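So the protein sequences, as listed, match chains A and B. Per the numbering used here, the first sequence starts with residue 1, numbered consecutively. Per the numbering used here, the second sequence starts with residue 1, numbered consecutively. Glycine residues also receive a C-beta, built at the ideal position from the N, C-alpha and C atoms. Note that the structure is a prediction, hence the values are computed from the model and not measured.
2 protein chains.
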Amino acid sequence: LNKSAEGVRVSMQDARIVDTEVIVAAPKRFVRERVEMPDGYATDWYYVDTPPSALVVPVTADGNLVMITQYRHNLKRHVLEFPAGVVEDGEGLEDAALRELLEETGYRRAKGCCLRPLGAFYSLPSETNKYTHAFIAESVEQAGPAQGDAVIERYFDMEVVEISLADALASVGGDICGMEAVAAISLARPLVAQWNRRPEGG
Amino acid sequence: LNKSAEGVRVSMQDARIVDTEVIVAAPKRFVRERVEMPDGYATDWYYVDTPPSALVVPVTADGNLVMITQYRHNLKRHVLEFPAGVVEDGEGLEDAALRELLEETGYRRAKGCCLRPLGAFYSLPSETNKYTHAFIAESVEQAGPAQGDAVIERYFDMEVVEISLADALASVGGDICGMEAVAAISLARPLVAQWNRRPEGG
């Protein structure tokens, strides 16, 4: 399957990008790459070139998850998601996660509690190169109202929701219907369950 | 946050699409929509308009998962994923899942075994409207070699891998680094674990 008629290995790994066209620069960077394979076959490859994102699973001292309902225009429905957003130029990944948490929910970490990495994961690699760094934040607390980080978010009908792990798991396939949210819950689940088993004040 | 200065609710749910431009029609349909909010604010909304996909978690009679390693040009690396692909026009969701299974792995369901839905989930709703119908296929068996369903797949360096549930879980964050794969494993996990507990021949 991966050999040319002459028996040469023809993996895209060894392809050359001979031309790049930026079709749309902003707010989404949509590009066409002219890709030439090792056997000479050339094709146009289109994708959305996205900056990395940070996503955070915020857990309250009571063991509840802090999530956001919002209206997604591309889906024409409200969905339940975790705070997430683009990492700004020069910004650290943890700083981005905490900024998105504060902006989108109004919550922040309580003093002395740590942010732990849950890993980094891509989404939809046939259409984009989106790479999301996932974190879990222990013992978050409400510091004020959500702020929103862009004009457009004013229209997203966002609402902050505290939800138990059990209720979140029961909502998978219902209001929780994003691959990212389902993946994040499964990554966070062992830690949240462990925290919920701790004795009070422990 | 969701009120205009006059106290009118300004959710994007009530927005009007006043114009649609197809910037690229194929192989990825990239569109711009001119969206007018209820308060009169208008903005350009860009996204990849994608057909629905079907994804299948194939499980062998031995309880192993059938996965695919492939080179992803957008990520510049090999990754471990489940068979998945676009649902063709007029094709049923289950038919699409089984077709992708056969094309990408050469596996098919053994006689009498069923395909069960795991739910439908979107990916990356800020950039696309991709909606993937996930299934689990019980007792799949190898029917022949993988075929590939497009010229371009010849270059994807695809290889079929049988992997235990335990090894797959241990690979999350390593070779299994896609939100879709992590979500699918978490959705399939209870069923696979249950099947693995059955007595032999049961």
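With distances taken from CA atoms, which of Y155/A, S186/A and V160/A is nearest A170/A?
Residue 170/A sits at position 170 when you count from the first residue of the first sequence. Measuring from the Cα of A170/A, the nearest candidate turns out to be S186/A.
I want to verify the contact list: residues of chain A whose CB lies under 7 Å from the CB of T50/B, in sequence order.
Indexing the second sequence from 1 puts residue 50/B at position 50. The answer, in chain order, is E127.
Contact criterion: CB-CB distance below 8 Å. Does A183/A meet it with respect to chain B?
In the first sequence, counting from the first residue as 1, residue 183/A sits at position 183. Interface residue, yes.
Does the beta carbon of L187/A sit closer than 8 Å to a beta carbon anywhere in chain B?
By 1-based counting over the first sequence, the position of residue 187/A is 187. True, the Cβ-Cβ gap to chain B drops below 8 Å.
Taking R259/B as part of the beta strand (DSSP E), name the residues at either end of that continuous run.
Examination of residue 259/B is not possible in this model, given that chain B is present from 1 through 202 alone.
Relative to the C-alpha of S11/A, which candidate in E159/B, A181/B and I23/B has its C-alpha closest?
Working through the first sequence from its first residue, we reach residue 11/A at position 11. Out of E159/B, A181/B and I23/B, E159/B has the C-alpha closest to the C-alpha of S11/A.
What residues are listed by DSSP as bridge partners for G178/A?
Mapped onto the first sequence, residue 178/A falls at position 178. Answer is Y122/B, bridged to G178/A.
With D19/B as the anchor, note down where its alpha helix (DSSP H) starts and where it stops.
Taking the second sequence and counting its residues from 1, the one referred to as residue 19/B is at position 19. It is not in any alpha helix (DSSP H) - D19/B instead sits in the beta strand (DSSP E) that spans R16 to V24.
Taking the continuous beta strand (DSSP E) assigned at R108/A, which residues delimit it?
In the first sequence, residue 108/A corresponds to position 108, counting from 1. Start and end: Y107 to R109.
Per DSSP, what kind of secondary structure is S171/B in: helix, strand or coil?
Locating residue 171/B in the second sequence gives position 171, where the first residue counts as 1. Correct three-state label for S171/B: helix.
Compute the beta-carbon to beta-carbon distance between Y155/B and M37/A, rounded to the nearest angstrom, for a pair I have assumed lies under 8 Å.
Mapped onto the second sequence, residue 155/B falls at position 155. Mapped onto the first sequence, residue 37/A falls at position 37. Between M37/A and Y155/B the Cβ distance is about 5 Å, and since that is below 8 Å, they are a contact.
Decide yes or no for the touch test of the region 141–153 of chain A against the region 165–182 of chain A: beta carbon pairs closer than 8 Å, at least 3 of them.
Short answer: they don't touch.
Please go through the same chain and pick out, in chain order, the residues whose beta-carbon is closer than 8 Å to the beta-carbon of T132/A, but skip the five residues on each side of it.
If you number the first sequence from 1, residue 132/A lands on position 132. Once the five neighbours on either side are set aside, the close Cβ partners of T132/A are P52, S53, A54, L55, A84, A120, F121, Y122, S123 and E180.
Classify L98/B as helix, strand or coil using the three-state DSSP reduction.
Position 98 of the second sequence, counting from 1, holds the residue named residue 98/B. L98/B falls in the helix class under three-state DSSP.
Please classify K76/A: is it buried, with 16 or more other beta-carbons within 10 angstroms of its beta-carbon, or exposed?
In the first sequence, the residue the question calls residue 76/A occupies position 76. Burial call: exposed.
Which residues, taken in chain order from the region 168–180 of chain B, show a beta carbon closer than 8 Å to some beta carbon of chain A?
Listed by position along the chain: V172, G173, C177, G178, M179 and E180.
Got a sec? Which residues, its chain only, sit under 7 Å from V182/A by beta carbon, not counting five neighbours each side?
Here residue 182/A refers to the residue found at position 182 of the first sequence. Once the five neighbours on either side are set aside, the close Cβ partners of V182/A are V172 and I176.
Which residue marks the beginning of the beta strand (DSSP E) containing M12/B, and which one marks its end?
Numbered from 1 along the second sequence, position 12 holds the residue referred to as residue 12/B. Taken as a continuous stretch (DSSP letters only), M12/B belongs to no beta strand (DSSP E), as it is neither H nor E.
If we count the other Cβ atoms within 10 Å of its Cβ and call it buried at 16 or more, is Q70/B buried or exposed?
The sequence position of residue 70/B within the second sequence is 70, counting from 1. Answer is buried; the Cβ neighbour count reaches 16.
If you reduce the DSSP assignment to three classes, tell me which class R154/B lands in.
Numbered from 1 along the second sequence, position 154 holds the residue referred to as residue 154/B. Of the three classes helix, strand and coil, the one that applies to R154/B here is helix, per DSSP.
Under 8 Å, Cβ to Cβ, is there at least one residue of chain A near I68/B?
Along the second sequence, one-based indexing puts residue 68/B at 68. Not an interface residue.
How about G202/B: is its C-beta nearer than 8 Å to some C-beta of chain A?
As a first step, residue 202/B is located in the second sequence; it is residue number 202 there, counting from the start. Caution is warranted here: a pLDDT of 41 is assigned to G202/B, below 50, making its placement in the model unreliable, and the coordinate value is therefore given only provisionally. So, not an interface residue.
Taking Cβ to Cβ, would you say R109/B is nearer than 8 Å to L98/B?
Residue mapping note: residue 109/B aligns to position 109 of the second sequence, counting from 1. Residue mapping note: residue 98/B aligns to position 98 of the second sequence, counting from 1. Closer than 8 Å, so yes.
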